[in-house]
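Asker:
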Amino acid sequence: MSAEHSSTARTDTEQVIDRLTKRFDHQDAELSSEILNDVYRALLDGPAVHQSDVYGGVAYLTHYDDLVAVEKNTQVFSSAQGVRCPRQANQPLSIPAETDKPMHSEYRRLFLNVLSPPQVRKAEPFLRELTENLVRNYVAGPQDDFCQNVATQLPIRAVGELIGLDLHSSGEMQKHVEALLLHYGKPEALKALNGLTKIAQVEIDARRGNPRDDYLTVLTTAKVDGRLLTDEELQNMMRTFMFAGFETTAHMIGSMMLYLAEHPDVQQRVREDDQALLNCVEECLRFLPPVQTMFRTVTTSTCLRDVQFEKGDTVGLLYAAANRDAAKFENPDAFDLDRPNARLHLSFGFGQHLCAGSHLARREMHILLEVLRDYPPFTLGGPVTMLPHLMGGQMMGPEHLPISFKTSEGQN
Ligand code: HEM
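Take the sequence shown: its position 278, counting from 1, is numbered 297 in the numbering used here, and each next residue is one higher.
1. Where does T30 land, buried or exposed, given buried means 16+ other C-beta within 10 angstroms?
2. Could you tell me whether the region 104-118 touches the region 137-154, where touching means 3 or more Cβ pairs closer than 8 Å?
3. Taking 7 Å as the cut-off, does the CB of H282 come closer than this to any heavy atom belonging to the ligand GTP?
4. Report back the beta-carbon spacing between G273 and G416 to the nearest angstrom; my notes put them in contact at under 8 Å.
5. What residues are listed by DSSP as bridge partners for F96?
6. Who are the near neighbours of A241 in its chain, counting only those whose CB is closer than 8 Å to its CB and skipping five residues on each side?
7. Quick one: what does DSSP say I114 is sitting in, helix, strand or coil?
8. If we require 4 or more residues per run, which alpha helix (DSSP H) segments fall completely within the region 145-209?
9. For the region 92-101 against the region 311-320, are there 3 or more C-beta pairs whose distance is under 8 Å?
10. Would you give the residue range spanned by the alpha helix (DSSP H) that S124 belongs to?
11. Taking the alpha-carbon of C104 as reference, which of L62, Q371, Q413 and T426 has the nearest alpha-carbon?
12. For the alpha helix (DSSP H) containing H69, list its first residue and its last residue.
13. Please state the DSSP three-state secondary structure of M20.
14. Of all the options P66, V310 and L86, which has the alpha carbon lying nearest to the alpha carbon of F369?
15. Which residue's Cα is closest to the Cα of H270: F145, L55, V68 and F165?
16. Please look up how many angstroms separate the CB atoms of V73 and D44, rounded, as I've assumed it's under 8 Å.
17. Taking C-alpha atoms, which residue in L336, S51, I218 and A341 lies nearest to L253?
18. With a 10 Å radius around its C-beta and 16 neighbouring C-beta atoms as the bar for buried, classify C299 as buried or exposed.
19. Can you tell which of K120, L131 and K347 has the C-alpha that lies nearest to the C-alpha of V95?
20. Can you check which of these residues, L201, L62 and A170, is closest to L409 by C-alpha distance?
21. Quick check: the region 224-244 against the region 168-175, are there 3 or more CB pairs under 8 Å?
22. If you draw a straight line from the alpha carbon of K194 to that of A353, how long is it in whole angstroms?
23. Exposed or buried, which one is C322 when buried takes at least 16 other CB atoms within 10 Å?
24. Ignoring anything shorter than 3 residues or poking outside the region 298-347, list the beta strand (DSSP E) runs there in chain order.
25. State the Cα-Cα distance for the pair V403 and L39, rounded to the nearest angstrom.
26. Using 8 Å as the threshold, is the C-beta distance between Y278 and C303 below it?
27. With a threshold of 7 Å (Cβ to nearest heavy atom), would H123 be considered close to the ligand HEM?
28. In whole angstroms, give me the CA-to-CA distance for K330 and S124.
29. Reducing DSSP to helix, strand and coil, say where L277 ends up.
30. For L134 and Q34, I'd like the C-alpha separation in whole angstroms.
31. With distance defined between alpha-carbon atoms, name the residue in L297, P144, T216 and M313 nearest to V196.
32. Of the choices R382, Q162 and L50, whose alpha-carbon is the least far from that of T398?
33. Which two residues bound the contiguous alpha helix (DSSP H) that contains Y79?
34. Alpha carbons only, please: which of R106, R258, F424 and A108 is nearest the one belonging to V178?
35. I'd like to confirm something about V310: is its beta-carbon nearer than 7 Å to some heavy atom of the ligand HEM, or not?
36. Is it buried or exposed, Q287, if we count other Cβ atoms within 10 angstroms and call 16 or more buried?
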């Protein structure tokens, strides 16, 4: 690249960062992985409440303590009008993330029943065997895309095992979940949502006709507020299992593998040291979070950081920026395997709506790192493709990741 060309490219990038720092938009098509963290840094260095006129006005928050304060105060900062922005027309609010107390507690209980640490522990032999098989097949194959062959397969099958979802549906589920992210806000997203709903209804009907020994059957007889769940509620909850449990973890695993492939020293420590392995999971979550934003709606006049908010105002929670708040994390832009408080990241949210699947996601990451110790160190075998911007205004991570286990002699 010529000096002239490279200085033009630099200027273009700086212009985009400058533009987004003045008027942030989480859905901006130029908000790529290359500049995301520079934009967050600039926002963190600016006013604590970043008022942007996008989508009728959004007050974006980046400071760790402010995000925690908002997440704690669920009466004033409600989830029940949607946690994504702008809301997709005609899309039902998602259970349990887009509900408030008291129904939220009733619904959440039904997720925790199957995602709690003891339940995930019971599924560990399955998770380990699944991970071993996926990695073995990947290493024996062309080693062309870890995302497609391992990172997406692991979470979708893990959730399938926990709730009893037939695996033949998982390919179709994956297609719909990807379309939902890709076309968020457009009619195609509704089509994908309907596709997920159809899969859900087939599974519900199958259990109603012929109960099985699985969690989906339990849900068909579960009660909230003293009554059985309706078909709409059951469909909604199954969509949450499919959507929340799959793409999030898949992108997290992809980002972790990409980081380790590019940092052989970190990879080596994770191989040798159990504590480093545990910390690696938390530091990857802090440093490379797959879910970067969520939103809340103000229910009554309130004040935050001397800024007045009125009923109906939208507040944007920039988790990925708060994970880099220097007031909470020392030297926040460095990846540090020895960071003592990495686990305090906000990548799973905080408080009442803290991710119900966080234990499962962490175990999937731990088990994968343990299984990888049986293989030679890995590197990148070719160019990586990242999601072009925050997909659905929310998600970041690699889409194509050629992880290579080939040694210099070409042996696996
Ligand atoms: C690395 C992977 C994951 C990340 C980064 C992640 C992130 C998040 C975040 C940030 C929230 C908070 C939403 C809010 O405050 O509005 C959330 C909620 C939730 N997540 Fe996850 N998630 C992951 C994996 C999973 C998995 C595997 C499941 C299992 C099905 C799951 C199920 C849920 C559910 C049910 C909620 C709603 C909790 C509530 O509102 O009470 N997530 N997740």
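Don't be surprised by glycine CBs; every beta carbon is placed ideally from N, CA and C.
Answerer: For this structure:
1. If you number the sequence shown from 1, residue 30 lands on position 11. With fewer than 16 other Cβ atoms within 10 Å, it is exposed.
2. no
3. This structure lacks the ligand GTP; the ligands present are the ligand HEM.
4. Indexing the sequence shown from 1 puts residue 273 at position 254. Indexing the sequence shown from 1 puts residue 416 at position 397. Contact holds; Cβ gap of about 5 Å.
5. For the purposes of this step, residue 96 is identified with residue 77 of the sequence shown, where counting begins at 1. In the DSSP output, where bridge partners are listed per residue, F96 has V317.
6. Working through the sequence shown from its first residue, we reach residue 241 at position 222. If we look at A241 and ignore the five residues flanking it on each side, its Cβ neighbours are L129, L247 and L248.
7. As a working mapping, residue 114 is identified with position 95 in the sequence shown. In the structure shown, I114 sits in coil (DSSP, three-state: anything other than H, G, I, E or B).
8. 172-182 and 189-201
9. yes
10. Stepping through the sequence shown from its first residue, residue 124 is reached at position 105. Counting along the chain, the alpha helix (DSSP H) containing S124 begins and ends at M122 to L134.
11. Start at 1 with the first residue of the sequence shown, and residue 104 comes out as number 85. Per the Cα distances, Q413.
12. Here residue 69 refers to the residue found at position 50 when the sequence shown is read from its first residue. Premise fails: H69 lies in the beta strand (DSSP E), V68 to S71, not in any alpha helix (DSSP H).
13. Position 1 of the sequence shown, counted from the first residue, corresponds to residue 20. Confidence at M20 is low in this model, with a pLDDT of 41, below 50, so its placement is unreliable and no value can be given for it.
14. Within the sequence shown, numbered from 1, the residue matching residue 369 stands at position 350. Ranking P66, V310 and L86 by Cα distance to F369 puts L86 first.
15. For the purposes of this step, residue 270 is taken as residue 251 along the sequence shown, with counting starting at 1. H270 has its Cα closest to that of F165, out of F145, L55, V68 and F165.
16. Position 54 of the sequence shown, counted from the first residue, corresponds to residue 73. Position 25 of the sequence shown, counted from the first residue, corresponds to residue 44. With 8 Å as the limit, V73 and D44 qualify as a contact, their Cβ atoms being about 5 Å apart.
17. In the sequence shown, counting from the first residue as 1, residue 253 sits at position 234. If we check each option's Cα against that of L253, I218 comes out closest.
18. Here residue 299 corresponds to residue number 280 of the sequence shown, with the count starting at 1. Buried is the call here.
19. Residue numbering aside, residue 95 sits at position 76 when the sequence shown is read from its first letter. The residue with the shortest Cα to Cα distance from V95 is K120.
20. In the sequence shown, the residue the question calls residue 409 occupies position 390. Ranking L201, L62 and A170 by Cα distance to L409 puts L201 first.
21. no
22. Against the sequence shown, residue 194 aligns to sequence position 175. Against the sequence shown, residue 353 aligns to sequence position 334. Distance from the CA of K194 to the CA of A353, rounded to the nearest whole angstrom, comes to 35 Å.
23. The count along the sequence shown starts at 1 and reaches residue 322 at position 303. With fewer than 16 other Cβ atoms from the protein chains shown falling within 10 Å of its own Cβ, C322 counts as exposed.
24. 312-317, 321-323, 326-328 and 333-337
25. Here the question's residue 403 lines up with position 384 in the sequence shown. Here the question's residue 39 lines up with position 20 in the sequence shown. If I take the Cα positions, the gap works out to 25 Å.
26. On the sequence shown, residue 278 is found 259 positions in, with the first residue counted as 1. On the sequence shown, residue 303 is found 284 positions in, with the first residue counted as 1. The answer is yes: Cβ separation under 8 Å.
27. Counting from one through the sequence shown, the residue named residue 123 turns up at place 104. The answer is yes for H123.
28. Locating residue 330 in the sequence shown gives position 311, where the first residue counts as 1. Locating residue 124 in the sequence shown gives position 105, where the first residue counts as 1. Taking the straight line from one Cα to the other gives about 24 Å.
29. On the sequence shown, position 258 is the one that residue 277 refers to. Correct three-state label for L277: helix.
30. In the sequence shown, the residue the question calls residue 134 occupies position 115. In the sequence shown, the residue the question calls residue 34 occupies position 15. Distance between the alpha carbons of L134 and Q34 is about 44 Å.
31. Taking the first residue of the sequence shown as position 1, residue 196 is located at position 177. Nearest to V196 by alpha-carbon distance, out of L297, P144, T216 and M313, is T216.
32. As a first step, residue 398 must be located in the sequence shown, where it is residue number 379. When only C-alpha atoms are compared, the closest one is Q162.
33. For this step, residue 79 is matched to residue 60 along the sequence shown. Following the DSSP letters along the chain, one finds Y79 in no alpha helix (DSSP H) but inside the beta strand (DSSP E) bounded by residues V77 to L80.
34. Counted from its first residue, the sequence shown places residue 178 at position 159. Ranking R106, R258, F424 and A108 by Cα distance to V178 puts R258 first.
35. Locating residue 310 in the sequence shown gives position 291, where the first residue counts as 1. Yes - the ligand HEM has a heavy atom lying nearer than 7 Å to the Cβ of V310.
36. Position 268 of the sequence shown, counted from the first residue, corresponds to residue 287. Exposed: under 16 other Cβ atoms inside 10 Å.
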